[in-house]
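In my numbering, the protein residues as written are 1 to 914. Even for Gly, the Cβ is constructed at its ideal location relative to N, Cα and C. Remember, it's a predicted structure, so these values are computed and weren't measured experimentally. Here the structure is laid out as structure tokens; the discussion comes afterwards.
The following block contains the structure:
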């Protein structure tokens, strides 16, 4: 099969289409010397072959997506087995060539045995950030309302692409006796084990429904304390269960984001029904205060965060009906979202819906803190009035925001996701470290900041804004947690952004994602990572970056000049988001601006210290630094036309990264979502055919209103590299036009996926961000035979069998053969064969001497493309011992090393040298 995708009409620039996650397998071997690290193998008969990794111990069920990679390149997302240790990726979803440096990652951290052993982290320099002044209003204090608690359990629903129905169960906590309608806060938990065996310490699984003897894990009960706090303050709350999605979300390409959105909106639709017809509501809903569906807050934890983000998007910009599990009217208004340790695989936040992303500094699951994209990814995309806040909680892990995921509190087995290895204590995050929070401290901090978001987004109370927008205030209820915040949107204006139009002198404009260390913002050797640079679908991205500063003496200014002058006229201060290496202190900058008349004014000086960090944390996180604009006003600077920003280091040496800088003013403006075009990428599956050439197009639906811009990455299925173009999209249009040219043939090969990935840039939203054309191989598998070439030899000579196919193929074929015990006579021993050959093919050594079949000789043989055979050779050794004839038996096997029943078992004989 030959298939070439052509980027035909993206910004008028033709070129080859490219891919990364979905493709087919290439030169791999089942032996370490031929390229597979320990724990890896290729399994399966022809037509169902898989790249398999088996972990040395159980990989905890989590929200981060387990990924197979080769270096920086994403091969695909493997399917987990029920044992929690084995992960399988179909070879049509692994890359076709250059499969070296195989890795298993989750949220940027290595999981496989090939990962470097963690180094003992240095505790020197690790210190808590200074305690911020208290805010005037503390949202963590309980309110005056009595509460009612209960649950409802409705008939399960079916969602597109899921074979098993999904439950409609929820926990309700609401004010009792409150007058009028009250705002509604809906909670959605993340991906966690679904079932457990009562009385066991670790017997959990991800089945649904649960088998006999197992009980559902009540993840939806894990936010009851948060719900009770909100209910006491006058909010109706509901926490919904999503075990049925967790058990099946490995199947859809979006890891269940659309399904979670559908589930959220199904519940909201029920609440809208009950509001209109109270007598039809469950008992707990009838007993609660009436819900006001015009004021809805969505709270999502981990994959639940990505799910509620998609629900907010789908409520404003309807998704394709065929993919959606809710197709009724939208009878609610989402005023904001709270995203706790969230995933965002699509990097597609909703720019015009306010959000707060809680980032746990000791997250051992979504450890790259990719939820930062809910802030960074909104810049320039929408109107810019919606506040997007990141709340960095020093010492918090991923699980303890949910009490049902917390040891000592959970009904089912639970664990600390960061880990507690006594041999490798982490100076920041190991339990007992001065910077690590206890479970109770963490949950209290989480409740407080969820309540702050509810008060800001639902009650329009700007008195809590300083807790969320980078103003450096704390809520005493969250003590002793150290919580830092930064934000974009709100009353910010202007914007010195590290985009393609900016010019930088005295520093370097760097790229968040780039394999070239001279271009990348952080090198791969950096100890620790940055949430701002979390990876996406491609090995290289356009439009994501920062300004990197490095100096060995004070006084040299770094200047940032945007493509055109900016207006800071309505602002009170200049707010900069800057990060420095973790555990560093004493970094200071003078901040100056220059107007279009070349008048330059120094606004003041800022200082920043690094967050507590280790090699396992994502502590390269930007802090918000503000300087007043009063000096510019006094000097007569034209703040309507500011052409450049200068940062002049005043410390002796150091490094820093500027994410952006904005004009800042207090308060929150009214937010109204813009009418935008929405892009969803689908998938078409076609047969290659035996002859001729056909052209297919990657299905892309553009709906909504108006026009906007997206960046389209076309992914090469052979190399994993990408090409991108900026595309203007309009509803019903075909601006994203990616033809895939398929040439039919009669050569057996793997399926090939020609994919694109799309990201919003300006005035647009992206739902399903990835899709393409899958070209299925429709040629018959070749017939494989094993035959003798030299099966009767004298010791010192080589036994040889030939593995043959009846026709050449377009891909590597891997066929397993196994040495079996002999059924009569004397068997060759481990000392009768070449010791290096034995080590290469089994990893074993000759001593102690034993039958050859006891040496685990199960070998996968490769027949390269275009070839029709490969020889399996057994070099024997000559000794001085008189022996009878010795033999060995060889058979073709299936993926489980079981000899194929319809194939002969061959025998080779070695005679004593005369």
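Inset, instruction - Sort out for me which residues DSSP pairs residue 829 with in a bridge. - result: In the chain shown, residue 829 corresponds to position 829, counting from 1. In the DSSP output, where bridge partners are listed per residue, residue 829 has 851.
Inset, instruction - Under 8 Å Cβ to Cβ from residue 487, same chain only, skipping five residues before and after it: list those, please. - result: Here residue 487 refers to the residue found at position 487 of the chain shown. Answer for residue 487: 375, 387, 388, 389, 390, 468, 469, 470, 624, listed in chain order.
Legend entry - Uninterrupted alpha helix (DSSP H) stretches inside the stretch 380-458 (no shorter than 4 residues): Every alpha helix (DSSP H) stretch that sits fully inside the stretch 380-458 and reaches 4 residues is listed by chain position as 439-457.
Inset, instruction - Indicate whether the contact test is met: 3 or more Cβ pairs, each with one atom in the stretch 363-378 and one in the stretch 522-539, closer than 8 Å. - result: Segments in contact, yes.
Inset, instruction - Can you have a look at residue 480 and say buried or exposed, based on whether 16 or more other CB atoms are within 10 angstroms of its CB? - result: Residue numbering aside, residue 480 sits at position 480 when the chain shown is read from its first letter. Residue 480 comes out exposed.
Legend entry - Where residue 176 sits in the DSSP three-state scheme: What you label residue 176 is simply residue 176 of the chain shown in a count that begins at 1. Here residue 176 carries a strand assignment [DSSP, helix/strand/coil].
Legend entry - residue 473: first and last residue of the uninterrupted alpha helix (DSSP H) it sits in: For the purposes of this step, residue 473 is taken as residue 473 along the chain shown, with counting starting at 1. Residue 473 -> no alpha helix (DSSP H), and no H or E assigned at all.
Inset, instruction - Give the DSSP-derived three-state secondary structure of residue 274 in the structure shown. - result: Within the chain shown, the letter at position 274 stands for residue 274. Collapsing the DSSP output to three states places residue 274 in a helix.
Legend entry - residue 186: first and last residue of the uninterrupted alpha helix (DSSP H) it sits in: Walking along the chain shown from the start, residue 186 turns up at place 186. Counting along the chain, residue 186 falls outside any alpha helix (DSSP H), though it belongs to the beta strand (DSSP E) covering 181-188.
Inset, instruction - Jot down the residue ranges of each uninterrupted beta strand (DSSP E) in the stretch 184-240, minimum 3 residues, whole runs only, in chain order. - result: Those beta strand (DSSP E) runs which fall completely within the stretch 184-240 and span 3+ residues are 236-240.
Inset, instruction - Verify whether the separation of the beta carbon atoms of residue 244 and residue 308 is less than 8 Å. - result: Within the chain shown, numbered from 1, the residue matching residue 244 stands at position 244. Within the chain shown, numbered from 1, the residue matching residue 308 stands at position 308. In this structure, residue 308 does not lie closer than 8 Å to residue 244 by Cβ.
Legend entry - Run of the beta strand (DSSP E) containing residue 753, from where it starts to where it stops: Your numbering for residue 753 matches position 753 in the chain shown. From DSSP, the beta strand (DSSP E) with residue 753 extends over 752-762.
Inset, instruction - Could you tell me which of 199, 192, 212, 200 sits nearest to residue 206, measuring between CA atoms? - result: Locating residue 206 in the chain shown gives position 206, counting from the first residue. If we check each option's Cα against that of residue 206, 192 comes out closest.
Inset, instruction - Kindly indicate the opening and closing residues of the beta strand (DSSP E) around residue 605. - result: Sequence index remark: in the chain shown, residue 605 carries index 605 (1-based). Residue 605 -> beta strand (DSSP E) spans 600-608.
Legend entry - the stretch 431-447 touching the stretch 168-184, judged by at least three CB pairs closer than 8 Å: With a cut-off of 8 Å, the stretch 168-184 and the stretch 431-447 do not count as touching, because too few Cβ pairs lie within range.
Inset, instruction - Taking the CB atoms as reference points, tell me whether residue 325 and residue 251 lie closer together than 8 Å. - result: Working through the chain shown from its first residue, we reach residue 325 at position 325. Working through the chain shown from its first residue, we reach residue 251 at position 251. Not closer than 8 Å, so no.
Legend entry - Per-residue DSSP class, three states only, for residue 336: Within the chain shown, the letter at position 336 stands for residue 336. Correct three-state label for residue 336: strand.
Legend entry - Own chain, CB closer than 8 Å to residue 82, minus 5 neighbours either side, in chain order: The residue given as residue 82 occupies position 82 in the chain shown. These residues qualify, in order along the chain: 205, 206, 207.
Legend entry - For residue 729, three-class secondary structure by DSSP: The count along the chain shown starts at 1 and reaches residue 729 at position 729. Note: residue 729 maps to strand in three-state DSSP.
Legend entry - Boundaries (first-last residue) of the beta strand (DSSP E) holding residue 835: The residue given as residue 835 occupies position 835 in the chain shown. From DSSP, residue 835 is part of no beta strand (DSSP E) but of the alpha helix (DSSP H) over 835-842.
Inset, instruction - Can you say whether residue 607 is buried or exposed, counting buried as having 16 or more other CB atoms within 10 angstroms of its CB? - result: The residue labelled residue 607 in the question sits at position 607 within the chain shown. Exposed.
Legend entry - Of the listed residues 791, 270, 289, nearest to residue 181 (C-alpha basis): Taking the first residue of the chain shown as 1, we reach residue 181 at position 181. The option with the nearest alpha carbon to residue 181 is 289.
Legend entry - Distance between residue 334 and residue 915 (C-alpha atoms, nearest Å): Since the first and last residues shown for the chain are 1 and 914, residue 915 lies out of range.
Inset, instruction - Can you give me the start and stop residues for the alpha helix (DSSP H) that residue 374 sits inside? - result: Sequence index remark: in the chain shown, residue 374 carries index 374 (1-based). Looking at the DSSP string, the run of the alpha helix (DSSP H) that includes residue 374 is 373-376.
Inset, instruction - Reducing DSSP to helix, strand and coil, say where residue 613 ends up. - result: Here residue 613 corresponds to residue number 613 of the chain shown, with the count starting at 1. Residue 613 falls in the coil class under three-state DSSP.
Legend entry - residue 350 in three-state terms, based on DSSP: Translated into the one-based positions of the chain shown, residue 350 becomes position 350. Note: residue 350 maps to coil in three-state DSSP.
Legend entry - Which of helix, strand or coil DSSP assigns to residue 734: Position 734 of the chain shown holds residue 734. Three-state DSSP puts residue 734 in coil, outside helix and strand.
Legend entry - Bounding residues of the beta strand (DSSP E) (the contiguous stretch that carries residue 793): Locating residue 793 in the chain shown gives position 793, counting from the first residue. According to the DSSP assignment, residue 793 belongs to the beta strand (DSSP E) that extends over 792-794.
Inset, instruction - Quick one: residues in its chain with C-beta nearer than 7 Å to the C-beta of residue 136, no 5 flanking neighbours on either side, listed in chain order? - result: Walking along the chain shown from the start, residue 136 turns up at place 136. Same-chain partners within the cutoff: 463.
Legend entry - Given residue 478 as reference, the closest of 907, 539, 392 once Cα atoms are compared: Indexing the chain shown from 1 puts residue 478 at position 478. Sorting 907, 539, 392 by C-alpha distance to the C-alpha of residue 478 places 392 at the top.
Legend entry - Length of the line joining the Cα atoms of residue 423 and residue 474: Residue 423 sits at position 423 when you count from the first residue of the chain shown. Residue 474 sits at position 474 when you count from the first residue of the chain shown. Roughly 35 Å between the two C-alpha positions.
Inset, instruction - Just tell me which of 275, 543, 62, 158 has its CA closest to the CA of residue 343. - result: The sequence position of residue 343 within the chain shown is 343, counting from 1. When only C-alpha atoms are compared, the closest one is 62.
Legend entry - C-alpha distance - residue 695 paired with residue 684, whole-angstrom precision: In the chain shown, the residue the question calls residue 695 occupies position 695. In the chain shown, the residue the question calls residue 684 occupies position 684. Between the C-alpha atoms of residue 695 and residue 684 there is a straight-line separation of about 12 Å.
Inset, instruction - In the DSSP assignment, find the unbroken alpha helix (DSSP H) run with residue 886 in it and report its ends. - result: Within the chain shown, residue 886 is the residue found at index 886, counting from 1. Residue 886 -> not in any alpha helix (DSSP H); beta strand (DSSP E) instead, spanning 886-892.
Inset, instruction - Check whether the stretch 539-557 touches the stretch 721-740, counting contact only when three or more Cβ pairs, one atom from each stretch, lie closer than 8 Å. - result: Counting C-beta pairs closer than 8 Å gives three or more between the stretch 539-557 and the stretch 721-740, which meets the contact rule.
Legend entry - Integer Cβ distance of residue 759 from residue 347, believed to fall under 8 Å: As a position in the chain shown, residue 759 is number 759, starting the count at 1. As a position in the chain shown, residue 347 is number 347, starting the count at 1. With 8 Å as the limit, residue 759 and residue 347 qualify as a contact, their Cβ atoms being about 6 Å apart.
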